[in-house]
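When you number the sequence shown by our numbering, it's gap-free, plus one each residue, and the end is 1641.
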Amino acid sequence: MTAPTTRDEFFLALRENRERPKGRATAAVAEELVEAAEEFGDPEVTVSALVELMSAYHGSGETVKYPVAFARLLGLWDENPKAFDESEVRRLFWFFKWVANGLLSTPDVPLASIRGWIAEMRRRYQEAGHGLQPVYAQEYSLAQQLGEREELAYELWATRGRTEFTDCEACEARDRANHHIRCGDDRKALAELQPTFDGRRSCDEEPHNSQALALLPLLRLGRSDDARAAHLTGYRKVRGKEAELNAVGRHLEFCALTGNEARGLELLAQNRSLFDFTASLASRLSFLTAVQLLLARLVDTGHGQLPCAGPLGTEWTVASLRDAVAGQADELASRFDTRNGNDTVSARRRERLAAQPLAAQLNLGVQTSALAEPAAGAAAGTAPTVSSTASATASAAVSSTAEIPQDFAELVAEVRRLDRENHPGSRLLWDALLERAADEGDAVDDLLRGEIASELAHRATKQQDWDACAARLREAVEHYTRAHQAEGGDETGPAGSSARMLASESRLAWCEATRDDVTDAAAAAEAAWPVFDDLLARFEILMAAGFDTEEARRDALGRKLVVRQSRVLTARHALLHTDAPEQHTRWAEQFTAEAQALIAEGDSTDRATQVSLAHEVLAEYQATHGAPVEGEASARRAIEIFTAWDWPWRMPRGRLLLALALRSQGRNTEAMAEIERGLAEAPTDIPPDELTPLHRLLGDTALRAKQYPTAVRAFSEAAARLDREREPQQARSVRWELSRALRAQGSTADAVAVLETLVDQTGPDVANGTDSSDGEGQVPSSAEQLTAQIRVDLANSLLSLGEPREAAKEFLRLADAVSRWSEKGPLTSAAAGAAGALAAAGNWEAARAALERALASHAEAPSLPDLTDTLRTFAAEAIEARGAEAAEEALGYVDQADQLREESPDLAREQFLSVDVDVAQCSHTRGHVHAAAGRPEEALAAFEQAVAAYDRAGYAEAPARFESVRMAALVEGRALDRAPAARERLDKAAAEAQAAGLADAATTLRRLRDSLN
629 MTAPTTRDEF
639 FLALRENRER
649 PKGRATAAVA
659 EELVEAAEEF
669 GDPEVTVSAL
679 VELMSAYHGS
689 GETVKYPVAF
699 ARLLGLWDEN
709 PKAFDESEVR
719 RLFWFFKWVA
729 NGLLSTPDVP
739 LASIRGWIAE
749 MRRRYQEAGH
759 GLQPVYAQEY
769 SLAQQLGERE
779 ELAYELWATR
789 GRTEFTDCEA
799 CEARDRANHH
809 IRCGDDRKAL
819 AELQPTFDGR
829 RSCDEEPHNS
839 QALALLPLLR
849 LGRSDDARAA
859 HLTGYRKVRG
869 KEAELNAVGR
879 HLEFCALTGN
889 EARGLELLAQ
899 NRSLFDFTAS
909 LASRLSFLTA
919 VQLLLARLVD
929 TGHGQLPCAG
939 PLGTEWTVAS
949 LRDAVAGQAD
959 ELASRFDTRN
969 GNDTVSARRR
979 ERLAAQPLAA
989 QLNLGVQTSA
999 LAEPAAGAAA
1009 GTAPTVSSTA
1019 SATASAAVSS
1029 TAEIPQDFAE
1039 LVAEVRRLDR
1049 ENHPGSRLLW
1059 DALLERAADE
1069 GDAVDDLLRG
1079 EIASELAHRA
1089 TKQQDWDACA
1099 ARLREAVEHY
1109 TRAHQAEGGD
1119 ETGPAGSSAR
1129 MLASESRLAW
1139 CEATRDDVTD
1149 AAAAAEAAWP
1159 VFDDLLARFE
1169 ILMAAGFDTE
1179 EARRDALGRK
1189 LVVRQSRVLT
1199 ARHALLHTDA
1209 PEQHTRWAEQ
1219 FTAEAQALIA
1229 EGDSTDRATQ
1239 VSLAHEVLAE
1249 YQATHGAPVE
1259 GEASARRAIE
1269 IFTAWDWPWR
1279 MPRGRLLLAL
1289 ALRSQGRNTE
1299 AMAEIERGLA
1309 EAPTDIPPDE
1319 LTPLHRLLGD
1329 TALRAKQYPT
1339 AVRAFSEAAA
1349 RLDREREPQQ
1359 ARSVRWELSR
1369 ALRAQGSTAD
1379 AVAVLETLVD
1389 QTGPDVANGT
1399 DSSDGEGQVP
1409 SSAEQLTAQI
1419 RVDLANSLLS
1429 LGEPREAAKE
1439 FLRLADAVSR
1449 WSEKGPLTSA
1459 AAGAAGALAA
1469 AGNWEAARAA
1479 LERALASHAE
1489 APSLPDLTDT
1499 LRTFAAEAIE
1509 ARGAEAAEEA
1519 LGYVDQADQL
1529 REESPDLARE
1539 QFLSVDVDVA
1549 QCSHTRGHVH
1559 AAAGRPEEAL
1569 AAFEQAVAAY
1579 DRAGYAEAPA
1589 RFESVRMAAL
1599 VEGRALDRAP
1609 AARERLDKAA
1619 AEAQAAGLAD
1629 AATTLRRLRD
1639 SLN
């Protein structure tokens, strides 16, 4: 830093440093400025520099440095009080509290010195005529740490009236809440904090410190949604900040006690720099204790050998870091105990470490890396990781209803019985059968080998391994053919193996026609159709030949329905994967006809398995393709079958399809009820992954119904399930939907917390689906497009939170990523967004560069709405930052927006929802600029033009229109002193707003009208 040489340079340097982010770097510059000021020799400059240094230490959390800096400042006050201006005098007396806190937080400072300082503070306050409530607050802090006469000290402080130097209401409420928590009264504590949570109290340290304090009380009172929100919102504000060391520790503790140890490790890595922060020892002890609690939980669950982030210079495991942290914290607590003359500090630390989990696993909704599986036998009685928990739960649930026969023949018979019903318990029995088949010799004949091959084909389908599926089905056909030959029959003879062979051939034809590497689905289905027709003809011959038993005949009828099922599924695949209108129509008709044929034939033969499937696929297609009433009927028929046959494991899917149909009719509340019923009625032996779609659909339906809390819970659950199912891209997509629900309910900060976990800001975007290679002209994958949308939403959400610098970073990252795409429209949008955000952040040089980039991209890939919006932002920010002197520049931006739109009228009509609405928005911005520049006549005319444009566009009831009316009346009634005309304007507009159902707008307009006397 170049030392200032004049008073003006000093005060400019102080202002610039004050505007830097809080932290040790800013405090270091403040220290340099103090040294330079003392050499300069001007007492007023030195006083100002020391005042700024104290504030910088407060921002960096370096409480141990308070006493020395304040001693120099207090000496100057005693020597030359005239060197202090009014603001500096007030801050001088405010700093007494900070110094007392710094002394108490440093175990090497004797109790006598602390008590002496509080006495000095009392004397100084009394001499200056200030109230003593802040003094009693310091005495309470001392009593609280000592654990002596704490209740009396609390009463002496908390019952006194507020004074000029009392902490702000939010901070005092937090201190009172902390006392109530220590006394075991969580409800009273949260009542103290509620005004802060409601936004009625705030300061630079709130609400994030109160949110951290409230985490465990909220959980203890069962308010898990509020605890989740407090964690997501509050942690963002304290992440990586030395001054928030205690709050960071509370968030780590929260993770440790809610089954979110994996997230705790991620938070630990994000705050790694805090390990070497030793300038606030009380906060350090609290932080280290929370870290130890988290690491101890991980060790107890068998993850002690996981690598984790600790102090730089060492490669840490969870166990080794736990031991190191425990040693440091024990030593530090011992120092406090020695100073205090009791073991209160250590006892409280032990109590905190002994805390038991408050939730098995609280779903936070954020993306978190899964913990690696612990080594076998790593810890006796330990809790398994999330993924193994899900697996164990599923296995236990199935085993509870599916006993595994010890006799192999009984096992085969039970597998076949459960398979006929599509019972989920068959999966576990199949596992046992496949494991034992190799050792059963002659008991495994060709018929059973064919069934085994069919089961393996089914499993390959689940994994989308189409080559394996086809190979296994060919094996099945071969085994069934040999089995038939061994029975002595031919294809016209009565043999069950022949029916199985034909069914397997149909499944093979379906597999070949619908595999994901087929480029022309319609052509593949067309090629498969003669095969299906031939199989049906062969079945007719087989059926005509007759059967020895009724059971054999019924089994053959069921196998024939498999052929019809293959026809249904192949036709559906063709219609869903063809873009040609004539082909879509052809296969839609074929699909419907085949499904109805299957239902008709199945109903006549009382074969419910394939019939219910036909109803299900019909219901899904109808519900999502313009026939929801018919879809509702199909879904209800499927549910009737499941009820009649007592198949509860099929019911969740049926309820989901019914909900889809109801939702497509706008009956969202009924749809939600069906989904919730499906989840409530689901049997314990149903595979967990079959319920995940219900949670996701519940979230989406609740979002449509504006039932935001339900949507948040459902999306969070769906995302967690997808994590366990190892479906990371689907989980990201659901978390993006979760962020939309959070924004819709007004929890924008929570949404940002979720979105930030979906973009890896410490590494290349390729991990999140955005290819960071140097290639040009790329066609983005669906994952890349999702990542781009996530960044757009994150940037816009950050703007909503008043964080334009961070928003600009996201827009710029997005612009760099999409610049390699063949479609350049996203680049135009991203560059325009970055320009607007940079302007809002006051970084005009970078903002103009981004605007030029956006305009250059616009020439190749136009995006008028993004450009005109950005230019209006430029105008508004310019006039806001520099006032009337920026008026012409600001008007130039608005004129440029108008020019872009007017130069391309056809494009404007294509891209704008309404061209006149954009005209109205530009007119409103122009009015704002004129009003700020002291040009009321021009401002009134512009606002009236905005109102007229809204009316012309058919947006007479839009809230933005009434804002333009309000601004016009404000200018007219005050700047132009035409109150009667303004009141008349407002009366008319208020009545219009009320009629439009905009009660808040009407109230605002009436209040302005009443103020214009």
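Glycine included, every Cβ here is placed at the ideal spot set by N, Cα and C. Since the model is a prediction, treat every value here as computed from it, not as a measurement.
Residues that DSSP places opposite W1449 in a beta bridge: Q1406
Roughly how many whole angstroms lie between the Cα atoms of S688 and R1441? 29 Å
Roughly how many angstroms separate the alpha carbons of E834 and V1380, rounded to a whole number? 18 Å
For S1367 and K865, what's the separation of their Cα atoms in angstroms? 18 Å
Candidates E870, Q1335 and L1322, of which the one nearest T1297 by Cα: Q1335
Could you tell me the distance, in whole angstroms, from the CA atom of V657 to the CA atom of G651? 10 Å
Quick test of the definition: if touching needs 3 or more C-beta pairs under 8 Å, does the segment 1189-1197 touch the segment 1225-1238? yes
Looking at C-alpha atoms only, which residue of T972, S1240, V1407 and R1135 is the closest neighbour of R1448? V1407
Local Cβ density within 10 Å of A1081, reported as buried at 16 or more and exposed below that: buried
I'd like to check one pair, L1495 with K1539: are the Cβ atoms closer than 8 Å? Inspection of the sequence shows that residue 1539 is occupied by Gln rather than by Lys. For Q1539 and L1495, no; Cβs fall outside 8 Å.
Three-way DSSP call (helix, strand, coil) for E776 in this model: coil
Kindly indicate the opening and closing residues of the alpha helix (DSSP H) around A974. Reading off the sequence shown, one finds Ser at residue 974, where the question assumed Ala. T972 to L981 is the extent of the alpha helix (DSSP H) around S974.
Does the Cβ of L1541 have 16 or more other Cβ atoms within 10 Å, making it buried, or fewer, making it exposed? exposed
For E834, the three-state DSSP class (helix, strand or coil): strand
Note down, in chain order, each residue of its chain lying with its Cβ closer than 6 Å to the Cβ of L1657, except the 5 sequence neighbours on either side. Nothing in the structure corresponds to residue 1657, since the chain is present only between 629 and 1641.
State the Cα-Cα distance for the pair L1614 and E1620, rounded to the nearest angstrom. 10 Å
Distance check for E779 and R750, CA to CA, integer angstroms please. 21 Å
The alpha helix (DSSP H) that contains I1080, what's its start and end? D1074 to K1090
Residues in the same chain with beta-carbon distance under 6 Å from A585, minus the five sequence neighbours each way, listed in chain order, please. As displayed, the chain neither begins before 629 nor continues past 1641, which places residue 585 out of reach and without an answer.
So C831 and A781 are in contact, right, with Cβ under 8 Å, and what is the actual spacing, rounded? 24 Å between Cβ atoms; not a contact.
Helix, strand or coil for C796, going by three-state DSSP, please let me know. coil
Ignore the nearest five residues each way along the sequence and tell me which others in T1631's own chain have a CB closer than 6 Å to its CB. none
Minimum C-alpha distance to G1562 - residue among V1522, D706 and A1514: A1514
So, A957 versus L916, is the Cβ gap smaller than 8 Å? yes
Under a three-way DSSP split, which group does P1564 fall into? helix
Write down the C-beta distance between A842 and A858 rounded to the nearest angstrom, noting that I regard them as a contact closer than 8 Å. 6 Å
When the Cα of T674 is compared with those of N899, A697 and Y685, which residue comes out closest? A697
Which residue marks the beginning of the alpha helix (DSSP H) containing R583, and which one marks its end? Since the first residue of the chain shown is 629 and the last is 1641, residue 583 is not available in this structure.
Distance check for G812 and D928, CA to CA, integer angstroms please. 28 Å
Closest by CA to A961, which one among Q1373, G955, S974 and V953? S974
Does the segment 1544-1551 touch the segment 1571-1591, meaning 3 or more C-beta pairs lie closer than 8 Å? yes
Rounded to a whole number of angstroms, what is the C-alpha to C-alpha distance between L1164 and A1065? 33 Å
Among A801, L846 and P845, whose alpha-carbon lies nearest the alpha-carbon of R828? A801
Is C1097 helix, strand or coil by DSSP? helix
From this set, A665, R648, A1272 and P649, which residue's C-alpha is nearest E637's C-alpha? A665
State the beta-bridge partners of C936 as determined by DSSP. W944
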